[in-house]
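Report on the structure given below.
Residue numbers (our numbering), protein chains in the order written: chain A, 395 to 558; chain B, 2 to 373.
Pasting the structure below:
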């Protein structure tokens with residue numbers, strides 16, 4: 395057959411054959427294949443984006459976590475410092491209170507002692523007065539009998555009257 | 002170890018090939034008639050009514066293919082085996098000779114039987130409506146089934162395993178499809194790409210597969226389909242029609258009132274519009290010739306190297322053996338080159354089709370580079 399003379403039969407079959415092939419592939423192959431590739435590309439891209447997003451989020455969370463940790467540390471330090479201050483204050487307060495109480499007890503004791511002393515002195519005074527009256531009575535009784543004897547007696551009693 | 006086995010195997014193949022193409026065959030041919038390279042090559046690159054498998058002359062093995070004719074309002078159908086490679090007639094039908102070589106002619110009388118050499122057989126007419134299943138038509142059908150099978154099975158895989166890593170055949174064709182989409186179709190067509198992608202992909206794989214089948218020297222390869230001007234012509238014609246039917250206003254403005262050209266080239270004598278108008282037809286014509294010439298030329302060179310064995314074998318068998326080694330080395334080299342050309346030509350045809358369609362359908366004209 396001639397090299398550069400197109401034959402009718404081949405043109406005829408080529409038109410039909412290529413037409414059918416194009417129709418079949420355009421309907422049942424190419425859309426499915428191109429959409430399949432596009433869908434897979436999209437999925438891969440989506441997953442890459444998702445991975446990047448998660449990574450960023452993780453980084454963010456890590457930062458937040460560290461921030462929170464630092465915050466917690468600071469808070470702990472503050473709490474400990476506060477507690478220490480409070481305990482010191484309480485100690486001081488307790489000490490002051492104890493001192494005050496001790497002072498009060500001492501004061502009370504002193505007062506009691508003073509009252510007791512005054513009471514004793516009063517008693518002694520009363521006793522002395524009574525003694526004096528008694529002495530006076532006896533002196534008066536003796537005065538009536540013998541002067542010398544009276545003096546002697548007064549002297550004796552006064553000596554005996556010990557004023558503690 | 003594996004490498005050594007491969008080396009031994011390739012050497013054995015080479016020796017086997019030398020024996021197959023041995024000058025002994027050439028000698029046998031010489032006894033009948035001397036070897037002529039020209040007709041031998043031409044016979045192998047053009048179409049035929051039977052699919053020659055092996056052997057020469059009476060001992061040849063040929064698959065007879067059906068001859069289908071619409072002659073004088075009648076459907077005529079018979080096996081090409083009845084014509085005995087043009088040496089016989091059947092019911093008055095015979096293979097044409099001389100100017101009618103390649104067509105089927107109707108003889109003046111309904112003669113059946115052997116055609117004697119040197120005898121005159123008056124021809125009534127040439128059968129115009131000849132849709133015989135020739136070697137190329139048969140190869141076309143084989144390739145169509147192969148392509149349809151490949152891509153339907155790949156599509157099935159996409160459907161059944163969506164969003165999964167490609168596997169098998171899918172892994173083979175997907176990079177090519179992605180390459181074509183990213184490097185050829187989308188850059189040339191932009192947002193119009195989806196509309197023309199099916200045609201361009203079909204075009205590429207049709208050309209590529211037939212180019213590769215053409216390189217295989219044995220059945221079912223060996224038919225020079227993409228090296229046939231009718232096939233490349235039809236492909237170019239489809240691109241031509243798509244380009245001009247889908248062309249936008251800007252395309253025709255560019256042709257009849259080309260911007261950036263002095264007015265005197267357009268007005269009294271419309272030189273530029275005329276040149277541009279011719280360009281509409283030369284572009285697809287060049288597409289047709291480029292593919293046809295590249296593929297046919299490759300086959301002719303290969304056949305030339307094979308012919309050398311027979312030519313030298315006719316002088317002396319020893320020279321034929323010697324030449325066969327060189328010829329086969331060149332044949333292997335050409336085979337590799339043809340494989341490269343198979344890809345390049347499929348790529349170029351698709352790329353240029355995409356660019357032609359792309360420039361024709363462009364809405365807003367830019368002072369862009371036009372690759373032509």
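Virtual Cβ for every residue (Gly too), placed ideally from N, Cα, C. Keep in mind that this is a model prediction, so the values were computed, not measured.
key: Paired residues, beta bridge with residue 462(A) - DSSP   = Note: residue 462(A) sits in no beta bridge, so no partner.
Check: Does the beta-carbon distance from residue 256(B) to residue 277(B) come in below 8 angstroms?
Finding: Yes, these two residues count as a Cβ contact at 8 angstroms.
Q.
Measuring only the C-alpha atoms, how far is residue 396(A) from residue 102(B)?
A. Here the alpha carbon of residue 396(A) sits roughly 7 angstroms from the alpha carbon of residue 102(B).
Members of the region 399-423 of chain A that neighbour chain B once the beta carbon cut-off is set at 8 angstroms: Hits within the stretch, in order: 399, 400, 401, 402, 403, 404, 405, 406, 407, 408, 409, 411, 412, 414, 415, 416, 418, 419, 420, 422 and 423.
| message | Checking 8 angstroms against the spacing of the C-beta atoms, do residue 225(B) and residue 297(B) come in under that value? | response | Yes.
*the region 431-460 of chain A: positions lying closer than 7 angstroms to chain E by Cβ*: No chain E appears in the structure shown, which is made up of the protein chains A and B.
DSSP three-state label for residue 75(B), please.
Strand.
>> If we define contact as Cβ-Cβ less than 8 angstroms, is residue 397(A) a contact residue for chain B?
In response: By this cut-off, residue 397(A) is an interface position.
message: Between residue 72(B) and chain A, is the shortest Cβ-Cβ distance under 8 angstroms, so that the two count as touching?
response: No, its Cβ sits nowhere closer than 8 angstroms to a Cβ of chain A.
**OP:** Could you check how far apart the C-beta atoms of residue 131(B) and residue 70(B) are, in whole angstroms? I think they sit under 8 angstroms.
**Re:** Right, the Cβ-Cβ distance comes to about 5 angstroms (below 8 angstroms), so this counts as a contact.
request  = Work out the CA separation of residue 415(A) and residue 168(B) for me, nearest whole Å.
outcome  = Going from the Cα of residue 168(B) to the Cα of residue 415(A) covers about 24 angstroms.
Between which two residues does the beta strand (DSSP E) containing residue 108(B) stretch? Here the beta strand (DSSP E) through residue 108(B) covers 105-108.
Practice task
May I ask you to list, following chain order, the residues of the region 172-199 of chain B that have a beta carbon less than 9 angstroms from some beta carbon of chain A?
Solution key: Residues passing the 9 angstroms Cβ filter: 174, 175, 178, 179, 182, 195, 198 and 199.
Residue 258(B) (DSSP reduced to helix, strand or coil):
Note: residue 258(B) maps to coil in three-state DSSP.
Legend entry - Cβ pair residue 409(A), residue 135(B) closer than 8 angstroms: No, these two residues do not count as a Cβ contact at 8 angstroms.
Notebook entry, point to check: From what residue to what residue does the beta strand (DSSP E) around residue 65(B) run?
Noted result: Where residue 65(B) is concerned, the enclosing beta strand (DSSP E) starts and stops at 62-65.
**Request:** With distances taken Cα to Cα, identify the nearest neighbour of residue 53(B) among 173(B), 300(B), 63(B) and 308(B).
**Result:** Closest by alpha carbon: 63(B).
### Message
In whole angstroms, give me the CA-to-CA distance for residue 228(B) and residue 209(B).
### Response
Distance between the alpha carbons of residue 228(B) and residue 209(B) is about 12 angstroms.
Helix, strand or coil for residue 419(A), going by three-state DSSP, please let me know.
Here residue 419(A) sits in helix by DSSP.
Neighbour list for residue 284(B) in chain A, Cβ cutoff strictly below 8 angstroms = Residues of chain A passing the Cβ test: none, with the nearest at roughly 18 angstroms.
Which residues in the same chain have their Cβ closer than 8 angstroms to the Cβ of residue 114(B), if we skip the five residues on either side of it in sequence? Result list for residue 114(B): 89 and 90, in chain order.
Whole angstroms are fine: how far does the CA of residue 219(B) sit from the CA of residue 82(B)? Approximately 20 angstroms, taken between the alpha carbons.
**Prompt:** Taking the Cβ atom as the reference point for each residue, do residue 178(B) and residue 438(A) lie within a distance shorter than 8 angstroms?
**Reply:** The criterion of a C-beta distance shorter than 8 angstroms is not satisfied by residue 178(B) and residue 438(A).
* **Cβ neighbour criterion (16 or more within 10 Å) applied to residue 310(B)** => Under the 10 Å beta carbon count, residue 310(B) is surrounded by 16 or more other beta carbons and is classified as buried.
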